[in-house]
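Going line by line, the protein sequences match chains H and F. First residue of the first sequence: 13, per my numbering; consecutive thereafter. First residue of the second sequence: 863, per my numbering; consecutive thereafter. Note that the Cβ used here is the ideal one computed from N, Cα and C, for glycine as well. All values reported here derive from a predicted model rather than from experimental measurement.
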Amino acid sequence: MGEMTPRRRAIYCYTGNREKADRITAHDPLTTTTVEQMMAVKAPFPDSTRDVELGVRLAEAAWTIIGLEGFKIPFDLCIEAQALGAELNWGRIDRQPSVATHPFKDLKDLKIPENLMEKGRFPYKHEIVARLREKYDFLPITCQVVGPFTLAGHVFGVENFLIWTRKRKQEEILEALMLLADVNLMDAKEAARAGADFICIADPTATADIISPQFFRDVMVPVYRYFSERCPLPIILHICGNASCFLPYLPDTGVDTFSADAHVDVAFAKQVLGKKVAVAGNVFTINLLMKTPKEIRDEAVECIKKGTDALIPSCGIPPRTPTENFRVLPQVAKCMVFY
Amino acid sequence: MASKEEIIEGFKKAVIEGDVEAAKKWAEEAIKAGVDAYEVITQGGAKAMEVVNELYERREYFVPEVLCSAVALQAGVDILKPHIKVEKTSVPAKVILGVVEGDIHDIGKNLVKIMLSAAGFEVIDLGKDVSLQKFVEAIKEHNAELLGMSALMSTTMPGMKKVIDLLVQEGLRDKVKVMVGGGPVTPEWAKSIGADARPKDASEAIEVAKRLVEELKRKKS
């Protein structure tokens, strides 16, 4: 076995083999960008969400400024929708780009161009991965894809799509989601070629606050499984909100790690998932934003005691989070062995 | 012709089941039969949404079902609204509603909007992804008594505090009551940022809105 690099450690921790690592990882596969990092490396939003040079610099800040053990690309959730024809609000330094228009009026309008990976900012995203890989062999890189349910909300409009989940045939809904999972697959394959280690499916809209456990089991599980059976890289699935009621179905999705939001108890998740799916999480983002380093340290230690496999925030980091607060996570991960 | 009770019951059932066509049918029936439109909205529609909220709380309904009900209610309200008689039993007041900037999750806000308009409030809906300054401008422009802000993402929640801070800066905080809502927004958070209330759902928002406006009017007089 070679040296225990952050990359090797992250691969062990995010694939359910953390006993082979020396400690848990502090590689954050969720959104890591903050205003202070942007200022420090002079790569502000929105320019860094469009320019490869600036994008590389901002991604690096996770390691050079915060000490997070790896990189996560991209910085917003709009690359897929934009390439499929949505217009964006580009945001500003403390605000991510967001989707402004929905390109498809109906399920049957959804078409995925074959050259999608050449469109919009997909080339920007994969180029950043390639450049980071060239420079940092020892650090892991996560490529985030916007999960099919959230992407459906982006391209059809969330309300429309949610209503259709009740009013249209389930086969039609499944078909659209599988097509969108194909977008994720094209993206994942390209990211793997560029040197990424993980795919993080960010599917914030597929939360238990919005969809039922039945819908998750009958529709989302087959969609995620379809993706995981074809994806060349280990998968981290992040679902916002209290996804506790989805836990029993997670092993069937085929994902390697579940990233738990703040309302999910990590100890409970570990108990339900056992050895089948690793658990990452879940220092509450609002506490990272508002509380003191000492309070954050206590919460981080608590997460480790509960058995988390990766010490990360509960969700994407709020842009105004102070650096000294965010730094606590890698600091704690480094000095804590497993409980 | 259907009786008043049948119409109200029929409309209520249509809304609970999220059946747009049936909701329209019963709303038209109500107008034909001369049943008070406001009564159909409050006794049928608002009561239906209470049932829907209960089903949601019991986790029998989820957001898609609630949304279907809201759409059915809106379809009915659109037909009934022009027939509502002017004198309303509730406390008349202007309410500014919106989802704070960076956030496009407006389902909850739309439910609150339907409920508040059904209860007789004049709702000025700023929509979603609303810039923080725009809330303050709208309060000034419309001389509103109440502000309702919503956020579903923990990353956008801090925007609510900024709006309240802006209101303080501009000397408007005493002139307007503020309620906040959305998935991650807890009553503790609401209190900590200086909001007046965090109703737990759209139907409670009506009671809270009435109470806040009464408080405000009492203070002014």
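Please report the Cβ distance between residue i and residue j, rounded to the nearest whole angstrom; I am assuming they are in contact, meaning their Cβ atoms lie under 8 Å.
i, j, result
"H:Arg133", "H:Ala206", "In fact, because the Cβ distance is near 14 Å, the residues do not count as touching under 8 Å."
"F:Glu984", "F:Lys1002", "With a Cβ gap of about 16 Å, F:Glu984 and F:Lys1002 do not count as contacting."
"H:Lys287", "H:Gly103", "Between H:Gly103 and H:Lys287 the Cβ distance is about 41 Å, and since that is not below 8 Å, they are no contact."
"F:Met1011", "F:Val1042", "5 Å"
"F:Val877", "F:Leu935", "5 Å"
"H:Lys137", "H:Pro86", "5 Å"
"H:Leu197", "H:Leu163", "The pair is not a contact, with the Cβ atoms about 12 Å apart (cut-off 8 Å)."
"H:Val289", "H:Asp268", "7 Å"
"H:Leu70", "H:Ala38", "Actually they are not in contact, since the Cβ atoms of H:Leu70 and H:Ala38 sit about 18 Å apart, beyond 8 Å."
"H:Phe150", "H:Pro342", "In fact, because the Cβ distance is near 15 Å, the residues do not count as touching under 8 Å."
"H:Ala33", "H:Met16", "7 Å"
"H:Arg30", "H:Asp321", "5 Å"
"F:Ala932", "F:Asn972", "6 Å"
Any beta carbon of chain H sitting closer than 9 Å to that of residue i?
i, result
"F:Arg921", "yes"
"F:Glu927", "yes"
"F:Leu1014", "yes"
"F:Val948", "At F:Val948 the pLDDT is 47, less than 50, meaning the model places this residue with poor confidence; the figure from the coordinates comes in the next sentence. F:Val948 does not count as touching chain H."
"F:Asp898", "no"
"F:Asp991", "yes"
"F:Lys875", "no"
"F:Trp888", "no"
Please work out which residues of its chain come closer than 8 Å, Cβ to Cβ, to residue i, disregarding the five sequence neighbours upstream and downstream, and give them in chain order.
i, result
"H:Ala112", "Ala98, Glu99, Leu100 and Asn101"
"F:Glu927", "Gly880, Val914, Leu917 and Tyr918"
"F:Glu912", "Ser1065"
"H:Tyr351", "Reliability fails at H:Tyr351, whose pLDDT of 46 lies under 50, so the model's placement of it is uncertain and the value that follows must be treated cautiously. Correct list, in chain order: Ile316, Lys317 and Gly319."
"H:Thr177", "Ile185, Ile223, Phe227 and Val231"
"H:Glu126", "none"
"F:Glu890", "Ile941"
Alpha carbon to alpha carbon, how far is residue i from residue j?
i, j, result
"H:Thr46", "H:Phe57", "10 Å"
"F:Glu922", "H:Ile77", "46 Å"
"H:Ala73", "H:Gln49", "6 Å"
"H:Glu171", "H:Tyr261", "25 Å"
"H:Thr44", "H:Arg242", "27 Å"
"H:Glu311", "H:Asp277", "12 Å"
"F:Gly982", "F:Glu901", "11 Å"
"F:Met1019", "F:Glu963", "9 Å"
"F:Arg1060", "F:Val1047", "8 Å"
"F:Lys1072", "F:Met977", "12 Å"
"H:Glu347", "F:Ile1026", "The identity of residue 347 of chain H in the sequence shown is Cys, whereas the question assumes Glu. Cα to Cα, the separation comes out at about 41 Å."
"H:Val53", "H:Gln108", "17 Å"
"F:Lys996", "H:Gly82", "39 Å"
"F:Lys1076", "F:Val1070", "Residue 1076 of chain F is actually Glu in this sequence, not Lys. Those two C-alpha atoms are separated by around 10 Å."
"F:Lys866", "H:Phe173", "35 Å"
"F:Cys930", "H:Arg180", "12 Å"
I'd like to check one pair, residue j with residue i: are the Cβ atoms closer than 9 Å?
i, j, result
"H:Glu187", "H:Leu119", "yes"
"H:Lys318", "H:Ala279", "yes"
"H:Pro356", "H:Leu300", "Because chain H here runs from 13 to 351, residue 356 of chain H falls outside it and cannot be looked at."
"H:Val291", "H:Thr265", "no"
"H:Phe210", "H:Cys252", "no"
"H:Ala274", "H:Cys212", "no"
"F:Gly989", "F:Gly960", "yes"
"H:Ile247", "H:Val195", "no"
"H:Ile91", "H:Val158", "yes"
"F:Ala884", "F:Ile893", "no"
"F:Ile870", "F:Ala980", "no"
"F:Ile986", "F:Ile958", "yes"
"F:Thr1017", "H:Thr297", "yes"
"F:Ala1013", "F:Gly1044", "yes"
Would you say residue i reaches chain F, if we count a Cβ-Cβ gap shorter than 9 Å as a contact?
i, result
"H:Glu307", "no"
"H:Ser271", "no"
"H:Ile252", "Reading off the sequence, residue 252 of chain H comes out as Cys, not Ile. Output row for H:Cys252: interface = yes."
"H:Val53", "no"
"H:Pro160", "no"
"H:Glu171", "yes"
"H:Ile105", "no"
"H:Cys347", "no"
"H:Thr320", "no"
"H:Cys327", "yes"
"H:Arg332", "yes"
For residue i, which residues from the same chain have a beta carbon less than 6 Å from its beta carbon, with the 5 sequence-adjacent residues on both sides left out?
i, result
"F:Glu949", "Bear in mind that a pLDDT of 42 at F:Glu949, under 50, signals an unreliable position, so the model cannot answer this."
"F:Lys1039", "Leu1008, Asp1058, Leu1074 and Leu1078"
"H:Leu249", "Ile213, Val267 and Phe270"
"F:Thr951", "For F:Thr951, the predicted structure reports a pLDDT of 44, less than 50, and the residue's modelled location is therefore unreliable. A value from the coordinates is still provided. Counting only Cβ-Cβ distances below 6 Å, and skipping sequence neighbours, we find nothing."
Got a sec? Which residues, its chain only, sit under 7 Å from residue i by beta carbon, not counting five neighbours each side?
i, result
"H:Pro115", "Leu96, Gly97, Ala98 and Val167"
"F:Lys874", "Gly906, Lys909 and Ala910"
"H:Thr219", "Ile251, Cys252, Gly253 and Ala255"
I'd like to know whether the C-beta of residue i is nearer than 9 Å to at least one C-beta of chain B.
i, result
"H:Phe87", "The chain inventory of the structure shown lacks chain B, comprising the protein chains H and F."
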